[in-house]
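Residue numbers (the numbering used here): 5 to 127.
A virtual CB, placed ideally from N, CA and C, is assigned to each residue, including glycine.
Scroll down for the structure; my scribbles are underneath it.
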Amino acid sequence: MVTYTIDDCKQHVSDKDCWLVVHGKVYDVTSFLEEHPGGYDVILTSSGKDATQDFEEIGHSNSAREMLNKYQIGEYAGGDSAPITAKAAASSSSGAGSGISFGLLIPLLLILAAVFFQLYLKK
Ligand code: HEM
5 MVTYTIDDCK QHVSDKDCWL VVHGKVYDVT SFLEEHPGGY DVILTSSGKD
55 ATQDFEEIGH SNSAREMLNK YQIGEYAGGD SAPITAKAAA SSSSGAGSGI
105 SFGLLIPLLL ILAAVFFQLY LKK
């Protein structure tokens, strides 16, 4: 597949020719502009750049994500800009309710070992 740079994408920012980047892939969404349920103006504002964050912030549905495939024209030379929202979701889901984290467990075990050692020596 062809790889495009951000400069290539910047050449396509009109309603007659509109490219954008989402998750490391380049999409030609010209024919989708009028169909977009969120309006064509929001897509135009996000065109010619890495729109991953804009796309993720809206919380697009899975069917919206599947629609993307239809418009892919190439890969983005800048790669996937790891989305802030997905990162936040991943860290909050792994952190919430899991009790003591692994990072805390080691110093805690060391303290316990020291206490036992001291008790043993005092005998
Ligand atoms: C080619 C990429 C895109 C596709 C295929 C797409 C598709 C869709 C679809 C199917 C919806 C209806 C709701 C849903 O199913 O999630 C939607 C809503 C929306 N989209 Fe997009 N979208 C794209 C890019 C963008 C971008 C770059 C923005 C920029 C901010 C954007 C902003 C919105 C907004 C504001 C709504 C309305 C949300 C609401 O009414 O709650 N979309 N989009």
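Residues bridged to residue i (per DSSP)
{"i": "L24", "result": "Y31"}
{"i": "D54", "result": "V25"}
{"i": "V6", "result": "According to DSSP, which records beta bridges pairwise, V6 is partnered with nothing at all."}
{"i": "V17", "result": "C22"}
Beta-carbon separation (whole angstroms), residue i vs residue j, contact threshold 8 Å
{"i": "S50", "j": "L24", "result": "5 Å"}
{"i": "T56", "j": "H16", "result": "At roughly 17 Å, the Cβ-Cβ gap does not stay under 8 Å, so T56 and H16 are not in contact."}
{"i": "I62", "j": "G78", "result": "Incorrect: roughly 23 Å between the Cβ atoms, too far for contact."}
Residue range of the alpha helix (DSSP H) that includes residue i
{"i": "D12", "result": "10–13"}
{"i": "L48", "result": "44–50"}
Residue from the options with nearest C-alpha to residue i
{"i": "D12", "options": "D84, V30, L48", "result": "V30"}
{"i": "D54", "options": "I110, M71, Q76, S85", "result": "S85"}
{"i": "S18", "options": "G52, E60, F121", "result": "G52"}
{"i": "L8", "options": "S67, D45, G82", "result": "Before going on, a small fix: residue 8 reads as Tyr here, not Leu. Selected option, being the one with the closest Cα: G82."}
List in chain order: all unbroken alpha helix (DSSP H) runs of 4+ residues lying wholly within the segment 58–84.
Runs of alpha helix (DSSP H) with 4 or more residues, each lying fully within the segment 58–84, are found at 66–75, listed in chain order.
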